[in-house]
């Protein structure tokens, strides 16, 4: 009669079968070179999501009206990057096979590689939109090819030229920007040009990866490598709404690090971004 | 010869008799459903007020030039909401009877109900301007009719239609917004339309309640339920200056929660809002 | 096939029917007069319990070997003390009716009143052992009769003289100690005399309430009113083992306040106390 | 009719004339070489004192029964050490002239120099008992003769040999210990030998200075230079009770640094030490 | 073969001889009246600088391409303001004598006085541009003439009228603003008019002092006296780029207080400001 | 003439050639399953070491009198455990080849494996003494054989039976304790039996690994998995002094996690443990 304690993101307590979108956590941060802690993001977001409403006055939509399943966190191998990525890919494969949209909560940005790998198998014509402060285009980082700093280069290894669109980038080394020039679309500092990109990608399968550090650190202090000069919450919200007109086949929000979020504002904003994202892509 | 230790908000050390404005703290947060702690706001603000100046370069006025009395904090019954509200109302009654302006430091937003109740007895034609992130229009919250989430509905019970003007609202459930539609004026997200409202309320007695979470969480992280997408300090300041042209008969600032304000910026901004508010309404 | 995210205290993921002990959270702190926050204890303990092992080298027992159900947190009315206590009592009634042992995670100490009320209905000869820094024997606190500072006086109202045994008490006002003198057994500062009490209560139904602030604040800083001069973890552990020889029909641990536990040591010690308590009473 | 907000240490709200003991804060930390912040101690202690009781179950005495005046904090010149010490000395002079006992809340330990200077003028036969982790016997610190690290050497300049008794010392450089050998009584690590010292000083005027870092950092983390291996709260309490048999003509507690006391346990223990000290010396 | 541990600001590991710019820390905060802690800024910035890149996408320049020496922190006398300022001046003298640009990391703003004193000896026609929230024009502060609140008045004592240009000022007492009116150029709140000032100062030797609290507290919470209503990072960056067209002969960034920067965003933004400043002035 | 900024542990600024002991940091925590952050330990300890003295009143010895080199932190590959361990081993090889004692600052406990591997190559008869709260004897952890939870099992793989002596162990799963029974010497909870072990190992080469979480969490809160019921600082100190009578050929202190050490007491105690360890083994 009584049930064991269930904890999902607010308003996302549907069963798997009935849901179109599947939330899951990928609590991995082993390659984080500077300040770890993103592994706690998904737990913190579930817990703190009860501080926000299910209703969005921006979209006039309510999480109660859509069907989202929250499968909890994957149990990942800390310190074995390859194995952890395999575990994520396997889960994403299953969600995609069941014709649902995987919506992953990172973790460090490297986890995106596994989800995109799964999506690219299902959708060979996959395109990627990346909202981020960091280019993440290094080929290796201190000798490692699998790293939060190389993740989009690895995505390029899979997808090739003209498939990746970056916005908000304001940090990287010189060689990253040079390497990317003819291979990925990079808009520095803000979301200028997003409208054109959205027009161009109409009808294509799109994976949207949101590194929350694209937000200004004043809005989102709780992250490992905060980069001054970012976008506002409303700018990010508007970008998400625009992008949601596309055929989103997978998405993620990543790089929340609750340990650096003493006031809780970063977790609260991450919850709101996720709510708006879920409402936007559920059509 | 030596006096016992006196602590008032900076520049507000006048005697009761000579003062036009009366500051008092209402350290109550018992109905806070998410993260309590606003009970500490008034103490923190008095203590930290010595980090700001008494002089405002915005208004070219100085707290030293006006007469404000700081009566300290009311001693309220935790866990007995009705009794606590009664204690606040009684104090506000006295201040109003003495032809002074009560300026309350909350506490959770529910304390506003008691102060408005007092003001409505003295000024039957009372109007309310609410600057807030949350609509606070629920009829009950988890079965409770007296709650920080129902406070403005309760105020409506007293004042009725067309007396309440909300600005900055960006959170609520769908039914709140629907209920409010024909009963209160609600401007979502920002202060658009404030000028018209001020023009319309000219000459009327007005109670101004400022839930500080109307500010963006980047500016004001130290609050229980931070809501991304808020206004800036300068926008709030300009709204206060506009509203101060009205006949303000009572006011409050509330929802500062010092426990979530590790850097102290929220307390500092609350102090500055209070300084500007005091200077603006003291004519 | 996939299940919604379930979160229980580590090793306590049995179904209700098969379990002898039932964990539930009572996240209530509305009467806390000083520093609130114990409402977050049960959530924090579930989450952090994965930092400890299920196996106790002290007792050479393992949570995996016993059957405990974790029902999650009750949804309680903040700001309405009477109603919240009623909700707790109702839940405890059910657990007791099903011949299980309720093991409540507070919340402030007042929640104990409701659980004991339920237990006293089922076991009229109920005795109470209280491990605590505070006497909690006031008749009222600032006029309120239902308060964390009056809870054991209220328990006495139910049980009467010679039923309550306090240990570790090192804070209270003079009148509390005087009032208690002929009504409850009070051992100040430590656990001296516990052996005799255990001998005396052999065979009786006993409710054990552990206010974790009985621990020294060095061991357990994360609580609202830390009182220097408390017992060590090992002393508390030994007391629990002794008491567990009795017929424990209900128990609770309370007053963990995660907001004041920045390092996490208090939550970790609370988890370990709960593990040892569960292992000790499951015979 | 209404009074301005008064804040005193709990139970210390007597008028100056009627009081035998005078509390005052000396919020100075300008010479602190490592981590500043003790300037906030007195304010924090007043505020947090309402978390403890006025009654001591250790001494069966109550602050309500004795007469203590709390004059608040002196306004001291930051960055001008000599002037600040002069301001403290002047205040202590007045208290002593009025035949009262000054009880100072530091601030860094250097403030003790000024209070002892005042006491030595009134009581030429003054002796000093110092409970401390640090010897504080350097002649200069980085060239400065007035420093928290030289304060007891400076006291020796005034009082000379065989007047200073140190207990609990567990940090210093080699030369300090060597210099002190024939000039001050130093008991390292604990309070051994205190009984003999108390016997020897019977009838003499004694100034008691308690650097709270004599406590183990587990008990008192909130201080600038925590030194592992200190005494427990109960050991300090017993030392105070022993010393209070002497003729205490002045005393202080110092080196609480609230910024490093996130859980509040250090401030709480400091409040309790002060309560016990006040009760013990008020005969 | 192995070297002792060297720690410099990222990308600033050149030898003294080969460098045009010399970084050094002035960890002094003894006159800070409100919340101390800026003494930790330079250490924190060196350590956290490894979270940013050496390359600036704003200027398309890299710290690896320019020659900067980081001499570490000066060892300053705490509590002896005059001596500490002398030590700073002496170091700045040497750097200037060697035809290098001193780039000081404060410390409280008073340290700027010493560096400007040195620069004014070498460049008698020195002008000063100050980006700051506070006017710092008091003649004395609580009787002290050497204080973080008087530093620019003291600079005026050296340079005289029409040599000081303030931007972003939004706090001060009335008399400061009045005194400054005919003596220094003050632009309140923002950087309006900077273009004209830069045009006017073309060819003159200029010392640039950046009190980082000119930034809005949302961007830069980690400072002793946060003042709401400040500029954004991008606005500050643009101001620096404009000013760097002038002949910068010395500069500093000051008033970062890492103790109030729990999330690390303030230290990160300070590092980025320093990176951009170094890149901008190295021509 | 001027030197780049050098930062070593206090009193450990000797050159490599002249030193008998070599300190180095191994900032690795990628396999940490619960709360990461030990990568910051060595940096924090160097910085905070200036809060302690170089002189030990316990041993009457001074770091100034012995020769210790501090080589800074190794640059390790995050997320590639095998490579990181190889880098540590290589460095330890060199130190041992040069007939010096490596003294490593972790990092998570897994780093010990690499240092012991190096030492076992040089000293085939190597024995290990482990002071720790956790047995660390698992064969794998979530499938991984290289983990902070398996490190001593891996050490056993190298050294075999009867070479490992554990003290203070109070956490592990049942199978660990069972597996270890005939292979390693395990003393639970405290240091009983250490004297006999020291007598037995006289003359043998010994590697001492101190997982600082052997200390009680009250003394050492700043660690990833605090375990109540640990030893005091003085108990650990006495154990170190006893063990230092042996032929220590390598040692480490590990598992300090500064992010969970808000008050700084854990870092301070870690510094003191290292000071006492260095003084004790330098004969």
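Residue numbers (the numbering used here), protein chains in the order written: chain A, 1 to 283; chain B, 284 to 566; chain C, 567 to 849; chain D, 850 to 1132; chain E, 1133 to 1415; chain F, 1416 to 1698. We put the beta carbon where it would ideally sit given N, CA and C, even for glycine. Remember, predicted model here, so these are calculated numbers, not experimental data.
Do residue j and residue i count as a contact pair if the criterion is CB distance below 8 Å?
i                      : j                      : result
residue 1442 (chain F) : residue 1454 (chain F) : yes
residue 614 (chain C)  : residue 830 (chain C)  : yes
residue 1326 (chain E) : residue 1374 (chain E) : yes
residue 493 (chain B)  : residue 531 (chain B)  : no
residue 634 (chain C)  : residue 679 (chain C)  : no
residue 231 (chain A)  : residue 103 (chain A)  : no
residue 1283 (chain E) : residue 1268 (chain E) : yes
residue 685 (chain C)  : residue 715 (chain C)  : no
residue 1103 (chain D) : residue 1047 (chain D) : no
residue 695 (chain C)  : residue 780 (chain C)  : no
residue 50 (chain A)   : residue 274 (chain A)  : no
residue 512 (chain B)  : residue 540 (chain B)  : no
residue 400 (chain B)  : residue 372 (chain B)  : yes
residue 1409 (chain E) : residue 1383 (chain E) : yes
By the DSSP assignment, the beta strand (DSSP E) with residue i in it spans what residues?
i                      : result
residue 1158 (chain E) : 1153-1158
residue 1625 (chain F) : 1620-1626
residue 1663 (chain F) : 1662-1669
residue 1262 (chain E) : 1259-1263
Should residue i go down as buried or exposed, given a rule of 16 or more other Cβ atoms within 10 Å for buried?
i                      : result
residue 665 (chain C)  : exposed
residue 673 (chain C)  : buried
residue 744 (chain C)  : exposed
residue 1420 (chain F) : buried
residue 318 (chain B)  : buried
residue 1553 (chain F) : buried
residue 913 (chain D)  : exposed
residue 849 (chain C)  : exposed
residue 619 (chain C)  : buried
residue 653 (chain C)  : buried
Using a Cβ-Cβ cut-off of 8 Å, state whether residue i counts as contacting chain I.
i                      : result
residue 1152 (chain E) : Among the chains of the structure shown, chain I does not appear; the protein chains present are A, B, C, D, E and F.
How far does the alpha helix (DSSP H) with residue i in it extend, from its first residue to its last?
i                      : result
residue 850 (chain C)  : No statement about residue 850 (chain C) is possible, as the shown extent of chain C runs from 567 to 849 and does not include it.
residue 1249 (chain E) : 1243-1254
residue 831 (chain C)  : 831-847
Segments of 4+ residues assigned as alpha helix (DSSP H) that fall wholly inside the region 702-766 of chain C: The qualifying runs are 717-725, 740-746 and 760-766.
Alpha helix (DSSP H) runs contained entirely in the region 355-391 of chain B, provided each spans 4 or more residues: Annotation: the region 355-391 of chain B contains the following complete segments of the alpha helix (DSSP H) (minimum length 4 residues), in chain order: 364-380.
Contact the region 867-884 of chain D vs the region 922-930 of chain D: 3+ CB pairs below 8 Å: Flag = yes, the region 867-884 of chain D and the region 922-930 of chain D touch.
Three-pair Cβ contact test at 8 Å for the region 898-911 of chain D versus the region 1015-1022 of chain D: Counting C-beta pairs closer than 8 Å gives fewer than three between the region 898-911 of chain D and the region 1015-1022 of chain D, which falls short of the contact rule.
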